[in-house]
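Have a look at the structure below, then the notes.
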Amino acid sequence: MFLLPFIWFTLITVLLWRKHQRMDACVYISGLYAMVSLFAVILIAGDLLGDGGILYYNNDAEFGVLPTLLYCTMLTLTIVPFHLVYDKEIKDITCKSPFLLDMLSLFLIGVSVVNLYLVADSTLDILSGNLADVRNSVYSGDATPAQLKAERMGFFMRFYYYFNVSTILCIPILFYNLCFRKKAWWWNLLLFFASLSAPIAGIQGADRTELIYLAEMYLFCLIFFWPHISKTLRRWLFIIGAPIVLLGVVYVAAVSQSRFEDQSEGAAGRNLQYAGQGYINFCYFWDHANYDELAPEREFPMYYHYTKHQDSDMDRRLYRQGQQGFFISVFSTFLGDIMLDISPIGMILWTTCFSLLALLLIRASHRKIFDISEILLIFLMACIPVFGIFYYRFFAFTYTFTIILAILYFIVTRYRIRL
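Those letters in the sequence shown? Residues 94 to 512, per the working numbering, in order.
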């Protein structure tokens, strides 16, 4: 059965490619799951289980028919809405409130300036030190230099800094400006800098996740906006982007080598285990999880943070780990995380609601005109399956602020509130 996800998503990717006649959003998402499914096949066939966060061992791995079919079906359900969007057929993306879009951009740029202030005096020291030790200190619960510095700021500035993860919205805004608006080069450069804010903050903990996430969503937007990017702009994107991509690859390689050089699999083997364990751990959750007590704090993080003062933090995960009897902080795709939190039935309901909301947002196939407010929400919804090859992204209350910002902007423009 472990071959089925790879076959399933490869066929879907080919069918979508032929239907859309190009690499676009839905083909990209489906292709990601075909790729990680191939990695899972390599891990299983190569007896590489039982390490690197993989819960199954080589001699006890079971991949049943029901969890495999559920895995494929539910993931496909989240991809279906994006099939309605034909990127090359979009003629225009409107902006009903340019002033508000610029204010949103300025708000996010301001957050990135605060982040720069917090990390400026410690980033170089971290990069020149032992990255494995830095990461281990984070796992031990130690605060980073930037976190210690942030604690000395006033309440307003600490609250404002919650929006640092929201700078991911700068990516679609940047591409929209480049393709459909005539904004000054320095403004777009500031937006680009702001989009890097979360990965820059991630260096404090020798984290690769934020950089990988940024790269995935930049590629999503590059594919989505590609038909509207002029040849001159494509050339400039390559000139500017190539050295930045190279720096990112060097950083990820350095962190991987530092953390895994003493492992028997090496950095390459451990990264393969990370990338391919989603389906494997999903099946493990299916076989071994218990649902005597549901834990929806990751699905409703804002509610649980402010009403029950409960977050999906290290203490909470250790408590849940004791309940489950196995290590839960692994990659199991976003489906696995949601299933572990609210049961298989809850996961099916959540996925169905996600698909319906995306269909309501997109509304019709082959649409030729969108508004940027719709694009921002489509972008955030795409974040779930795109980065969901690893885990459920919006698990913390700070990530909810990103969704609130996009929804507020959508409501204001939808009901023509002039600002």
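Backbone N, C-alpha and C fix where the C-beta goes; we use that ideal spot for every residue, glycine too. If you're wondering where the values come from, they're calculated on a predicted model, not measured in any experiment.
- For ASN383, same chain residues with a beta-carbon under 7 Å away, outside a window of 5 residues either side, are GLN417 in chain order.
- Pairing PHE393 with TYR484 gives a Cβ-Cβ distance that is not under 7 Å.
- Taking the Cβ atoms as the reference, SER130 lies roughly 6 Å from TYR372, within the contact range of under 8 Å.
- For the pair PRO437 and LEU163, the Cα-to-Cα distance works out to about 9 Å.
- Straight-line spacing of the CA atoms in PHE353 and ILE261 works out to 29 Å.
- With respect to the 7 Å criterion, LEU387 and ILE441 are not classified as neighbours on the basis of their beta carbons.
- Residue pairing by DSSP places ILE462 opposite ASP185 in a beta bridge.
- For ILE266, the uninterrupted alpha helix (DSSP H) run begins and ends at 263-273, by DSSP.
- Here MET395 really is in contact with THR493; their C-beta atoms are around 4 Å apart, less than 8 Å.
- When ARG460, ASN374, TRP279, LEU220 are compared, the shortest CA-CA separation from VAL343 is found for LEU220.
- Per DSSP, TYR384 lies in no alpha helix (DSSP H) and is assigned neither H nor E.
- Counting other Cβ atoms within 10 Å of its Cβ, TRP329 stays below 16 and is therefore classed as exposed.
- For TYR150 against VAL204, the beta-carbon gap comes to about 44 Å, at or over 8 Å, which does not count as contact.
- When DSSP assignments are scanned along the segment 360-430, the uninterrupted stretches of alpha helix (DSSP H) that are 4 or more residues long and fall wholly within it turn out to be 394-400, 407-417.
- Between THR103 and ALA127, the beta carbon gap of about 5 Å places them in contact (Cβ cut-off 8 Å).
- In this model, LEU283 and ASP195 are separated by some 12 Å (Cα to Cα).
- Measuring C-alpha to C-alpha distances from ALA243 to each of LEU267, PHE285, GLN297, THR445 identifies GLN297 as the nearest.
- With a contact defined as Cβ atoms closer than 8 Å, ALA457 and PRO174 miss out at about 11 Å.
- Taking GLY359 as the centre and dropping the five residues before and after it, the same chain places the C-beta of PHE353 closer than 7 Å to its C-beta, in chain order.
- Annotated as proximal: TYR306 and PHE480, with beta-carbon spacing under 7 Å.
- The beta carbon of PHE273 sits closer than 6 Å to those of ILE186, all from its chain and outside the five residues before and after it, given in chain order.
- Under the rule that a run must span 4 or more residues, the alpha helix (DSSP H) segments found entirely inside the segment 99-186 read 118-138, 158-172.
- DSSP places LYS324 in the uninterrupted alpha helix (DSSP H) bounded by 324-353.
- Considered as a whole, the segment 195-221 harbours 216-221 as its complete alpha helix (DSSP H) runs of no fewer than 4 residues, in chain order.
- Taking the Cα of LYS184 as reference, the smallest distance to any Cα among ASP140, LEU201, PHE317 is reached at PHE317.
- By the C-beta density criterion, GLN114 is exposed, having fewer than 16 other C-beta atoms within 10 angstroms.
- Beta-carbon to beta-carbon, ASN208 and ALA308 are separated by about 19 Å, too far to satisfy the 8 Å threshold.
- In this structure, ALA239 places its C-beta atom within 7 Å of the C-beta atom of VAL212.
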